[in-house]
Amino acid sequence: ADAVSSAVRRGDWPAAAADRLSGTMAPEVARVPMAARLCVVTQRHGAIRDWLGEVPATVLRSTNAGRMLRDVRTVLAHVPRATALEFKNNGAALTQDVMGAIATAVGTTLTTLTVAHTDLSNSAVAPLGELVALTQLSLTDRSLDSVSDGALIAVAGRLSRLLRLDLSRNADDAVTDRMITAFAAHHPQLQHVKLASAFGSISDDGIHAVASHCKNLQFLDVSGTDGCITQDAIVEVAKACPQLQHLNVALTGNTMSAAAMTSIAQNCPQLRTL
Numbered sequence: 001a002d003a004v005s006s007a008v009r010r011g012d013w014p015a016a017a018a019d020r021l022s023g024t025m026a027p028e029v030a031r032v033p034m035a036a037r038l039c040v041v042t043q044r045h046g047a048i049r050d051w052l053g054e055v056p057a058t059v060l061r062s063t064n065a066g067r068m069l070r071d072v073r074t075v076l077a078h079v080p081r082a083t084a085l086e087f088k089n090n091g092a093a094l095t096q097d098v099m100g101a102i103a104t105a106v107g108t109t110l111t112t113l114t115v116a117h118t119d120l121s122n123s124a125v126a127p128l129g130e131l132v133a134l135t136q137l138s139l140t141d142r143s144l145d146s147v148s149d150g151a152l153i154a155v156a157g158r159l160s161r162l163l164r165l166d167l168s169r170n171a172d173d174a175v176t177d178r179m180i181t182a183f184a185a186h187h188p189q190l191q192h193v194k195l196a197s198a199f200g201s202i203s204d205d206g207i208h209a210v211a212s213h214c215k216n217l218q219f220l221d222v223s224g225t226d227g228c229i230t231q232d233a234i235v236e237v238a239k240a241c242p243q244l245q246h247l248n249v250a251l252t253g254n255t256m257s258a259a260a261m262t263s264i265a266q267n268c269p270q271l272r273t274l
């Protein structure tokens, strides 16, 4: 660990590119599992310590629940003030015990949680409500297929600082209007909402809730929703959210009228991408 940590300090290893102020690993390190894990180890045993905040998915790769629990405890013992955790392709390894261990260890410091291509359950999402510092939550790529909207609605009511929400690319009925409405109502401060390819159980009602509650919205992605959301709902968002900068309505099954485009342009002077 000292050798690796000293190499970082001397600048003769790619990890030297790590941004120690932001707490992120260098990309060259983060994408290689062994290097990423060594970087974690140096936080407690190396010459340069306690700078890491963001733990990439290459560190916590297990698909076995027992192994994942041990790995999470070990990693968070080395990075006790973790600000971001990322999980990808972990099967059903993120159990209630694992998520509870995360909440216990870093519930007051974790600001970003990303879960993709991983099978969450109702019991596993329950501890998310204990992540009181969370500002960014991303549960994507079929991670919610086995989660009821009631389970996630209960979580929505317990978080207080959420600014960014991504529920993209889940099963047709995994993301519902009730779920979106709950997040919008509990988090009027939301700035970033991504629901790409979340078609099936969402409609204009969910988007109306976002427009009604989230007046500071800057980013909305409803691309790939395949006719579930009409241009009327999009125009309502534009009228209600003047700070909107990015709006993605590709593949929504809509042909935006000239009047709708004009309304969006007039009501969103900060719009950069459409």
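Per UniProt numbering, the sequence shown runs over residues 1 to 274.
Beta carbons are placed, not taken as given, at the ideal position from N, Cα and C, and that holds for glycine.
Note that the structure is a prediction, hence the values are computed from the model and not measured.
Asked: Short Cβ contact (8 Å threshold) for Ala174 with Leu144; Found: yes
Asked: Local conformation of Ser263 per DSSP, three classes; Found: helix
Asked: Cβ neighbour criterion (16 or more within 10 Å) applied to Thr58; Found: buried
Asked: Supposed contact pair Val210 and Ile229 - C-beta distance, whole angstroms, cut 8 Å; Found: With a Cβ gap of about 11 Å, Ile229 and Val210 do not count as contacting.
Asked: C-beta contact flag for Val249 and Leu217 at 8 Å; Found: no
Asked: Length-filtered (3 minimum) beta strand (DSSP E) runs lying within the region 19 to 58; Found: none
Asked: Thr114, enclosing alpha helix (DSSP H) - first and last residue; Found: Run containing Thr114: none in the alpha helix (DSSP H); it sits in the beta strand (DSSP E), 112 to 118.
Asked: For His187, three-class secondary structure by DSSP; Found: coil
Asked: Rounded separation between Ile264 and Gly157 - CA only; Found: 31 Å
Asked: Limits of the beta strand (DSSP E) - the one that Asp205 falls within; Found: Per DSSP, Asp205 belongs to no beta strand (DSSP E); it is in the alpha helix (DSSP H), 204 to 213.
Asked: 8 Å Cβ shell around Thr176 - same chain, five flanking residues per side excluded; Found: Asp149, Ser201, Ile202, Gly206
Asked: Exposure of Asp12, with buried meaning 16 or more beta-carbon neighbours within 10 Å; Found: Caution is warranted here: a pLDDT of 45 is assigned to Asp12, below 50, making its placement in the model unreliable, and no coordinate value can be reported.
Asked: Sheet register partners of Glu86 (DSSP bridge); Found: Thr114
Asked: Assigned secondary structure, Gln231 (DSSP; H/G/I helix, E/B strand, else coil); Found: helix
Asked: Proximal residues to Ala151 (C-beta, below 6 Å), its chain only, five neighbours per side dropped; Found: Asn122, Val125
Asked: Same chain, Cβ closer than 8 Å to Leu110, five either side skipped, listed in chain order; Found: Ala82, Thr83, Ala84, Leu85, Ile102, Leu131, Ala133, Leu134
Asked: Ala1 to His45 span [Cα, whole Å]; Found: Low confidence applies here, because Ala1 scores a pLDDT of 47, under 50, leaving its location unreliable; read the following figure in that light. If you take the alpha carbons of Ala1 and His45, they lie about 6 Å apart.
Asked: Classification of Thr118 by the beta-carbon crowding that lies within 10 angstroms, buried from 16 upward; Found: buried
Asked: Extent of the continuous beta strand (DSSP E) run through Arg164; Found: 164 to 166
Asked: Counterpart residues of Asp221 in DSSP-defined beta bridges; Found: Lys194, Asn248
Asked: Ala18 classed as buried or exposed, judged by whether at least 16 other C-beta atoms fall within 10 angstroms; Found: With a pLDDT of only 47 at Ala18, under 50, the local geometry of the prediction cannot be trusted, and no value is derived from it.
Asked: Collapsed DSSP secondary structure at Thr104 in the structure displayed; Found: helix
Asked: Same chain, Cβ closer than 7 Å to Thr63, five either side skipped, listed in chain order; Found: Asn90, Gly91, Ala93
Asked: C-beta contact flag for Asp137 and Leu162 at 8 Å; Found: Note that residue 137 is Leu in the sequence shown here, rather than Asp. Taking 8 Å as the Cβ cut-off, Leu137 and Leu162 qualify as a contacting pair.
Asked: Rounded straight-line distance, which links the Cα of Thr74 to that of Gln43; Found: 12 Å
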